[in-house]
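Position in the sequence shown (from 1) plus 88 gives the number in this note's numbering.
Virtual Cβ for every residue (Gly too), placed ideally from N, Cα, C.
Being a predicted model, the structure only gives us computed values, none of them experimental.
Here's the structure, in structure tokens; my notes come after.
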Amino acid sequence: MHSEKQTKDIIAMNTTTYNQFAKEIANYITYHCDGENKGFEIEYEGFTASVSYKAEIREDAGDYWTAPSWAIEKERTTVAAVWDEQGNEYPEIAEALQVLLN
Numbered sequence: 089m090h091s092e093k094q095t096k097d098i099i100a101m102n103t104t105t106y107n108q109f110a111k112e113i114a115n116y117i118t119y120h121c122d123g124e125n126k127g128f129e130i131e132y133e134g135f136t137a138s139v140s141y142k143a144e145i146r147e148d149a150g151d152y153w154t155a156p157s158w159a160i161e162k163e164r165t166t167v168a169a170v171w172d173e174q175g176n177e178y179p180e181i182a183e184a185l186q187v188l189l190n
């Protein structure tokens with residue numbers, strides 16, 4: 089059961105805030121993961137999310153006319169947990185972020 093303050097924190101995290109938090113996670117993936125499987129934590133407005141990023145890579149050896157290359161075939165982001173500065177977990181925020189990211 090969440091305390092009154094925790095409930096206010098959840099209510100204060102409106103759709104715009106969820107979207108911005110998800111955007112921060114997506115930006116981290118874009119600029120730091122480069123197709124590599126990686127786990128990381130990211131903070132946003134007093135909340136911390138534990139995130140796992142997994143990508144399946146397709147490689148192309150190239151031929152006479154083209155250079156070798158690779159592309160992300162499939163990717164998945166898992167938000168394992170979200171907690172506040174006091175260590176209280178918010179599974180509903182983690183679930184919402186995961187939906188936005190996948």
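Closest in alpha carbon position to Gly123, among Tyr152, Glu112 and Ala143, is Ala143. Excluding the 5 residues flanking it on each side, Ile117 has same chain C-beta neighbours closer than 6 angstroms at Tyr141, in chain order. Here the alpha carbons of Arg164 and Asn190 stand approximately 7 angstroms from one another. Between the segment 172-182 and the segment 144-159, the count of C-beta pairs closer than 8 angstroms stays below three; the two stretches do not touch. Per DSSP, the unbroken alpha helix (DSSP H) holding Thr104 starts and ends at Thr103 to Tyr116. Secondary structure of Glu180 (DSSP, three-state): helix. Apart from sequence neighbours up to five positions away, the residues of its chain that approach Ser138 with a beta-carbon distance below 6 angstroms are Glu129, Ala168 and Ala169, ordered along the chain.
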